[in-house]
Ligand SMILES: Nc1nc2c(ncn2[C@@H]2O[C@H](COP(=O)(O)OP(=O)(O)OP(=O)(O)O)[C@@H](O)[C@H]2O)c(=O)[nH]1
Ligand SMILES: [Mg+2]
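Residue numbers (my numbering): 13 to 293.
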């Protein structure tokens with residue numbers, strides 16, 4: 013069976029680094045999902061993984077108008093039926109343009125229709141995050157600028173629109189149940205212990221209240237929120253995380269913050285979790 017899992021999110025939201033980390037995780041065969049066959053062409057994924065292996069985050073996919081697909085056949089560890097998953101990595105710039113112009117290219121539209129699940133990325137501490145401006149102040153500012161430079165589309169407005177795309181396009185799952193959406197708050201290693209404890213849902217409520225409200229009110233999609241750290245720390249600011257990685261490789265580095273039944277959050281070392289849930293039974 014072939015399933016598409018769509019990866020969406022604004023610029024700099026962590027999509028590419030996740031795809032690059034997902035492959036070594038599937039290949040290590042320790043998580044809920046394992047690679048069942050060697051994929052055909054994964055040059056782009058290997059390139060991203062190489063950055064991580066050498067102790068750096070992979071650079072953003074700015075100005076690439078080509079989508080890059082990661083296709084792999086997976087199974088769960090009990091050796092259930094194999095599922096081919098296709099994870100297209102499209103740059104956040106293109107997603108943002110699609111929202112701004114109210115237009116999605118035909119081939120993505122078809123991909124979304126075929127997909128029965130998606131991962132929506134939001135990142136902690138991104139300088140690409142666009143905040144809604146105070147209306148009065150921004151009017152004054154715009155008047156001063158002569159209206160030349162309009163502020164960009166606020167990130168949470170863009171995210172709400174992406175959720176709407178998903179609502180109208182994603183197909184029901186083969187068993188007739190609602191399509192699933194994993195909302196992934198990436199770079200979750202950057203938050204302090206208290207924020208970690210409150211969890212990524214509370215983070216969304218505080219930082220992107222419009223999006224959080226929208227997610228609470230979704231009837232068509234089954235939503236789960238998680239936090240993500242692709243290597244367990246910040247390779248740019250934390251030399252010890254980098255050294256450890258260089259010494260012992262990717263295996264065992266990185267985690268997903270998942271919600272327990274009692275509402276607490278814990279780290280799960282299985283990085284396939286957001287995808288496993290989306291395609292799982
Ligand atoms: N600390 C930390 N930073 C991360 C993590 N994942 C991604 N980042 C940071 O986020 C930046 C953007 O990540 P990308 O994977 O390039 O994001 P993207 O969504 O593919 O961005 P576009 O290609 O522009 O759409 C990286 O360069 C890192 O600086 C993480 O797990 N932890
Ligand atoms: Mg990218």
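The beta carbon of each residue, even a glycine, is placed where N, CA and C say it ideally should be.
Here the structure is a predicted model, which means the values were calculated and not measured.
Short of 7 Å from the beta carbon of residue 108, and not among the five residues preceding or following it, lie these beta carbons of its own chain, in chain order: 22, 23, 165, 170. In this structure, the beta-carbon distance from residue 62 to residue 82 does not fall below 8 Å. In this chain, the beta strand (DSSP E) harbouring residue 195 covers 192-198.
Taking a 10 Å sphere around the C-beta of residue 253, we find 16 or more other C-beta atoms and assign the residue as buried.
Under the three-pair Cβ rule at 8 Å, the region 33-41 counts as touching the region 262-273. Taking 8 Å as the cut-off, the Cβ atoms of residue 179 and residue 222 do not count as close.
The C-beta distance from residue 17 to residue 196 rounds to 12 Å, too long to fall under 8 Å, and the pair is not in contact. When the five nearest sequence neighbours on each side are left out, the beta carbons in the same chain lying within less than 7 Å of the beta carbon of residue 201 are those of 241, 244, 245, 246, in order along the chain. In the displayed model, residue 260 falls within a helix according to three-state DSSP.
Every residue with a CB closer than 7 Å to a heavy atom of ligand 2 is listed here in chain order: 27, 28, 72, 73, 101, 103, 104. By the CB criterion at 8 Å, residue 199 and residue 136 fall inside the cutoff. Ranked by Cα distance from residue 231, the first of 271, 272, 192 is 192. The three-state secondary structure of residue 42, taken from DSSP, is coil.
Per DSSP, residue 177 lies in no beta strand (DSSP E) segment; the continuous alpha helix (DSSP H) that holds it begins and ends at 167-181. Pairing residue 106 with residue 19 gives a Cβ-Cβ distance that is not under 8 Å.
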